[in-house]
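Chains as they are written, first to last, in this note's numbering: chain E, 5 to 117; chain L, 923 to 1032.
In this text, a Cβ means the ideal position worked out from N, Cα and C, and glycines have one as well.
Model, not experiment: these values are computed from the prediction.
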């Protein structure tokens, strides 16, 4: 069966510090990978989308970046965090060869102080 | 950009009452999905609708996809406290890119 792991679950970072959130998927190959952000009490905003290693599509301009160094690994990064980067970050995957559901990780709650 | 609108933002009901949330897109969708997010949790897939005018049921939940494939609704009959959470629609426009509505937060009073 497929599983998705996302970490860390919670982190508190000062403004201007770097960020690295990691997500890995097991039990499937060539997944589509996604990073979403959910502000408190709000909907899910698509940040990045990847169909393969090294292929990243950015949805919104921001100081975040994403990388996919391996087929089932997706990393969200920032060199300098802003207060507005606080939120609940969700990694998700879907099957490459068919249109179906998104499978979400448990999420990473980021607080920037 | 993301143009999937969802209403209402909040809904408070008494247990046993019905609940409906509506999703509208400014463009035609390939399909639409519905997710439920419990407080403190992550979204969990409920259902996918693909065909124009499609209606699907899951026990007390009824999902509809509009004829023009631009709108959808989720109706819960006789709500229970276990229905508490935020319900999101997600529209698929470009290949495998899902745009979520803002969600409807449902609170059910016992």
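- In terms of CA proximity to residue 970(L), 980(L) leads the group 929(L), 932(L), 980(L), 1008(L).
- Residue burial annotation: residue 937(L) is exposed, with fewer than 16 other C-beta atoms found within 10 angstroms of its C-beta.
- Under the three-state reduction of DSSP, residue 28(E) is assigned to strand.
- Under the Cβ criterion of 7 Å, residue 111(E) is counted among the residues facing chain L.
- Interface criterion not met: the Cβ of residue 930(L) is under 7 Å from no Cβ in chain E.
- DSSP, reduced to helix, strand and coil, places residue 88(E) within a helical segment of the structure shown.
- A distance below 7 Å between beta-carbons, with the five flanking residues on each side excluded, links residue 952(L) to the following residues of its chain, in chain order: 1014, 1015.
- Take residue 939(L), set aside five residues on each side of it, and the residues of its chain with a beta-carbon closer than 7 Å to its own are 1001, in chain order.
- The C-beta of residue 34(E) comes no closer than 7 Å to any C-beta of chain L.
- For residue 1024(L), the chain E residues whose Cβ falls inside 8 Å of its Cβ are 46, 47, in order along the chain.
- Identification of residues in the region 961-986 of chain L having a C-beta nearer than 7 Å to some C-beta of chain E yields 964, 965, 967, 970, given in sequence order.
- Per the C-alpha coordinates, the member of 1007(L), 968(L), 973(L) positioned closest to residue 989(L) is 973(L).
- Cβ neighbours of residue 982(L) within its own chain (closer than 7 Å, five residues either side excluded): 998, 999, 1000.
- The DSSP-derived three-state label of residue 942(L) is strand.
- Within the region 83-99 of chain E, contact with chain L at the beta-carbon level (separation under 7 Å) is assigned to 94, 98.
- Contact check for residue 954(L) and residue 944(L): beta-carbon distance about 12 Å, past the 8 Å limit, so the pair fails to qualify.
- In this structure, residue 23(E) lies away from residue 88(E), with their beta-carbon atoms at least 7 Å apart.
- For residue 1021(L), the neighbours in chain E by C-beta distance under 8 Å run, in chain order, 50.
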